[in-house]
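Participant:
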Amino acid sequence: MQVKDVIETIGTALDIVGVAVIAVGLLIATATFGLSLVRDRRVAGLYQAYRRGVGRSILLGLEFLVGADIIKTVAVSPTFQSLGVLAIIVAVRTFLSVSLQVELEGRWPWQPVPAAGVPGGRESASAE
1 MQVKDVIETI GTALDIVGVA VIAVGLLIAT ATFGLSLVRD RRVAGLYQAY RRGVGRSILL
61 GLEFLVGADI IKTVAVSPTF QSLGVLAIIV AVRTFLSVSL QVELEGRWPW QPVPAAGVPG
121 GRESASAE
């Protein structure tokens with residue numbers, strides 16, 4: 001087995017992990033939402049928690065998928081065409097990640113976390 005084959009296998013494994021993280025995260029978020037809905041019978045607040053759980057699993061899965069793309073492209077077939085395709089894929093996934101983070105947290109990634117007790121701030125910045 002050549003080094004190239006090992007790197008390709010690692011990239012494929014990371015692709016599988018990325019998809020699994022998204023799928024398992026969706027299942028866990030959905031199960032948690034369902035159990036909370038049955039237990040509390042209130043929808044208020046549950047929907048936002050569900051969206052955060054789904055968004056976080058997608059964000060984490062995207063990180064694995066981007067890593068897999070980088071490994072497979074740079075280490076296996078580093079041509080200008082494949083690097084161009086990688087750049088587009090990374091740009092799209094980065095845009096998705098930033099968009100999801102803004103949607104989940106209500107602020108840009110470079111903005112500071114609002115302090116507790118400040119209007120518009122969260123009760124506990126470390127609760128997430």
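Residues 1 to 128 (this note's numbering) make up the sequence shown, in order.
We treat Cβ as the ideally placed atom computed from N, Cα and C, and that holds for glycine.
Predicted model only: the values in this text are computed from it and were never measured.
1) With a threshold of 8 Å on Cβ separation, who are the neighbours of Y50 within its own chain once the five nearest residues in sequence on each side are excluded?
2) Specify the secondary structure class of S97 as computed by DSSP and reduced to three states.
3) Cβ atoms of I7 and I89: under 8 Å apart, would you say?
4) Report, in whole angstroms, the separation of the C-beta atoms of L26 and S57, which I expect to be a contact under 8 Å.
5) Taking the alpha helix (DSSP H) that T9 falls in, what are its first and last residues?
6) Thinking C-alpha only, which one of E105, R93, R52 and G45 is nearest G67?
Facilitator: Let me spell this out:
1) Excluding residues within five positions, the ones whose Cβ falls inside 8 Å are A29, T30, T32 and F33.
2) helix
3) no
4) 6 Å
5) DSSP places T9 inside the alpha helix (DSSP H), whose first and last residues are V3 to D40.
6) R93
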